[in-house]
Each structure stands twice: as C-alpha cells, then as structure tokens.
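Structure, as structure tokens:
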Amino acid sequence: MGEFSMYSRGEQRRLYDQHKAELIPLHGIRLRVMHKSEFTVRADKIVRDRTRDLAIVRRVLV
Numbered sequence: 015m016g017e018f019s020m021y022s023r024g025e026q027r028r029l030y031d032q033h034k035a036e037l038i039p040l041h042g043i044r045l046r047v048m049h050k051s052e053f054t055v056r057a058d059k060i061v062r063d064r065t066r067d068l069a070i071v072r073r074v075l076v
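Under this note's numbering, the first residue of the sequence shown carries the number 15, and numbering increases by one thereafter.
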C-alpha cells in the first residue's frame, strides 16, 4: 500500500468499479462487464484473435 493511499490497489479498483456501475446507468448507458476469462488467456493475458474476440463481444452485447 502506498504511503498516501487509504486503500490498497485492489480496494481502489473495486470502489472505482462500483462507482462506475452506479453512475453510468444514470446517463442512459447500459454497462456490460466482461471478464478476461471469457476470452482465450495465456500467462494472464488475453490472446488476441480478432474474429473470435468479435464473436464473444457480439454475444455479450446482443
């Protein structure tokens, strides 16, 4: 934890995500959250494949 930080990085991320999820719908926007596990992952990073990635995103957005 940083010297000036009240929260750990993970807690900051969680609070930011919660705040975003509350505010975005107030502007008439639907929030869709996708986890990287929905994609092919290697060494904790998404392995890019444009065709496959677009199919996954389309499935989530429909």
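Quick reminder that beta carbons are idealized off the backbone N, C-alpha and C, glycines included.
Going straight from the alpha carbon of residue i to that of residue j, what length do you get?
i, j, result
"residue 54", "residue 29", "27 Å"
"residue 27", "residue 38", "16 Å"
"residue 63", "residue 43", "27 Å"
"residue 68", "residue 61", "13 Å"
"residue 33", "residue 52", "23 Å"
"residue 6", "residue 31", "Given a span of 15 to 76 for the chain in the structure shown, any question on residue 6 remains unanswerable."
"residue 24", "residue 66", "30 Å"
"residue 22", "residue 40", "28 Å"
What does DSSP give as the partner residues of residue i in its beta bridges?
i, result
"residue 55", "60"
Taking contact to mean at least 3 C-beta pairs separated by less than 8 Å, is the stretch 44 to 51 in contact with the stretch 69 to 76? yes
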